[in-house]
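What follows is a short report on a single structure.
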Amino acid sequence: MKLWLTRPLPPEVEARAEAEFDVEKRVSTAPLSADELRRALTDYDIVMPTLGDRFQPDVFAHVPAPRCRLLANFGVGYNHIDVAAARAVGVTVTNTPGAVTDATADIAMTLILMTARRAGEGERMVRAGAWEGWHPTQMLGLHVTGRKLGIVGMGRIGQAIARRCHYGFGMDVRYVSRSEKALGFPATRCDSLTDLAASCDIVAVAVPGGAETHHLLGADFFSAMQRHAILVNIARGDVIDEAALISALQDGQIAGAGLDVYEFEPVVPEALKAMENVTLLPHLGTAALNVRTDMGMMVLDNVAAFVAGRALPNLVNPSG
Ligand code: NAP
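When we follow the numbering used here, the leftmost residue of the sequence shown carries the number -14, and every step to the right adds one.
Below is the structure:
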């Protein structure tokens, strides 16, 4: 079976792939073009897609009888793949849950602390040579210890953020999720997003992307938040109505935002770049060598199981 690795991967992952499978490696780091998306389905048995590779219904419609049987996604988020459309033409999808959890929660903490304590703004001031020295009222931020934290999407990453905030910072955790969670620490499930928005000082977004969560947080959510509160998004950009977020920040409805993902990634609106109270990271959630290696190994575990006809360790269910 021919496996297409659509991006350069950590050396250990590429070495294992080449030792175990008939591999073709793509050199580009850019998402697959329309032509490449089609070729993925016609020229290979197994493909490793990742973020930005838009396997949407039109691609499967072009190739109704694909050679490809497995899309072994590199990443836990698979909203770029229409899983039902894939399944309809006999293509199975797997992902890499768990390998990404702690690293992504750590980036959420980075964003919470940088935004609350104005670290980006301070760093820019120092680098610009504009710092005139310490004084008692200089650059006062939001003290995070003991604050109320709201998690939107209490899954693996949401729980890892909540755990860090509870044990590390004594925060009072609230959350919204589709189901009630049994957690090993106190946390209150809110009845609605508005209830969570109104009662929290810090909101962290950790739901999957996709049609169900598109613009889950918009103008209503931001107007319900408190004026001193901050919002952090490590999930997917289009979970937030970015234009509404920009308006809320410009109007002072919320105090700041920390973003790892963007609605039209990698395009970051000039309005966001212009605001000092916004922390902007380039989708760094899982960007550590051992994490990317673990993700790659998980992809290959799924490929190996598929080739051997065994049950797939990380099968994505079309119903989500
Ligand atoms: P997960 O374990 O599946 O958790 C997702 C949570 O969201 C679940 O608790 C789920 O509730 C909840 N949820 C789903 N739809 C919802 C809705 N409409 N309203 C409220 N809650 C909803 O996934 P994960 O491993 O934590 O990953 C979450 C997402 O983070 C990924 O899908 C990916 O897009 C993103 N991510 C980003 C990065 C990055 O680099 N920035 C890295 C990794 C992942 P139930 O449990 O009740 O179903």
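Here a beta-carbon is modelled for each residue, glycine too, at the ideal position from N, C-alpha and C.
Opening and closing residue of the beta strand (DSSP E) in which residue i lies
i: residue 166; result: Element bounds for residue 166: n/a, residue is neither H nor E.
i: residue 126; result: Where residue 126 is concerned, there is no enclosing beta strand (DSSP E), given that its DSSP letter is neither H nor E.
i: residue 266; result: Careful: residue 266 lies outside any beta strand (DSSP E) and carries neither H nor E.
i: residue 44; result: Looking at the DSSP string, residue 44 is not in any beta strand (DSSP E); the run it does join, the alpha helix (DSSP H), is 42 to 47.
i: residue 134; result: 133 to 137
i: residue 256; result: Not the beta strand (DSSP E): residue 256 falls in the alpha helix (DSSP H), residues 255 to 258.
i: residue 148; result: Looking at the DSSP string, residue 148 is not in any beta strand (DSSP E); the run it does join, the alpha helix (DSSP H), is 141 to 148.
i: residue 252; result: That residue, residue 252, is in no beta strand (DSSP E); it is neither H nor E in DSSP.
i: residue 174; result: 172 to 174
i: residue 32; result: 31 to 33
Proximity test, residue i beta-carbon vs ligand 1 heavy atom, cut-off 8 angstroms
i: residue 56; result: no
i: residue 91; result: no
i: residue 239; result: no
i: residue 197; result: yes
i: residue 242; result: no
i: residue 299; result: no
i: residue 173; result: no
i: residue 135; result: no
i: residue 200; result: no
i: residue 162; result: yes
i: residue 122; result: no
i: residue 281; result: no
i: residue 151; result: no
i: residue 66; result: no
i: residue 97; result: no
i: residue 284; result: no
i: residue 271; result: yes
i: residue 188; result: no
i: residue 159; result: no
i: residue 169; result: no
i: residue 290; result: no
i: residue 219; result: yes
First through last residue of the alpha helix (DSSP H) which encompasses residue i
i: residue 278; result: 274 to 293
i: residue 296; result: Neither: residue 296 is in no alpha helix (DSSP H) and is coded neither H nor E.
Own chain, CB closer than 7 angstroms to residue i, minus 5 neighbours either side, in chain order
i: residue 87; result: 145
i: residue 63; result: 78, 80, 301
i: residue 198; result: 192, 224
i: residue 303; result: 68, 69, 72
i: residue 276; result: 84, 85, 88
Interface flag, residue i vs chain C, CB-CB below 9 angstroms
i: residue 10; result: Protein chains in the displayed structure number just one, and chain C is not present.
Sequence-distant residues of its chain with Cβ nearer than 6 angstroms to residue i (five each side left out)
i: residue 32; result: -11, 25, 53, 56
i: residue 225; result: 202, 218
i: residue 256; result: 231
i: residue 98; result: none
i: residue 188; result: 135, 216
i: residue 264; result: 96, 99, 100, 105, 243
i: residue 165; result: 174
i: residue 16; result: 37, 38
i: residue 155; result: 130, 131
i: residue 1; result: 285
i: residue 121; result: none
Beta-carbon proximity of residue i to residue j, cut-off 9 angstroms
i: residue 178; j: residue 209; result: yes
i: residue 151; j: residue 158; result: yes
i: residue 71; j: residue 191; result: no
i: residue 89; j: residue 262; result: no
i: residue 102; j: residue 134; result: no
i: residue 27; j: residue 61; result: no
i: residue 83; j: residue 174; result: no
i: residue 281; j: residue -6; result: yes
i: residue 227; j: residue 254; result: yes
i: residue 131; j: residue 148; result: no
i: residue 40; j: residue 22; result: yes
i: residue 229; j: residue 204; result: yes
i: residue 66; j: residue 38; result: yes
i: residue 214; j: residue 180; result: no
i: residue 194; j: residue 167; result: no
i: residue 124; j: residue 143; result: no
i: residue -13; j: residue 12; result: no
i: residue 313; j: residue 19; result: Residue 313 is absent from the structure shown; the chain starts at -14 and stops at 305.
Cut-off 8 angstroms between Cβ atoms - residues of its own chain near residue i, not counting five sequence neighbours on either side
i: residue 266; result: 92, 95, 96, 243, 244, 245
i: residue 284; result: -2, 33, 57, 58, 59, 79, 81
i: residue 294; result: none
Distance cut-off 8 angstroms: residue i Cβ against heavy atoms of ligand 2
i: residue 192; result: Ligand 2 is not part of this structure, which contains only ligand 1.
Those runs of the beta strand (DSSP E) which lie wholly inside the stretch 53 to 107 and span at least 3 residues: 55 to 57, 77 to 79
Segments of 4+ residues assigned as alpha helix (DSSP H) that fall wholly inside the stretch 181 to 246: 204 to 209, 227 to 235
Any alpha helix (DSSP H) of 4 or more consecutive residues that is wholly inside the stretch -11 to 21: -4 to 5
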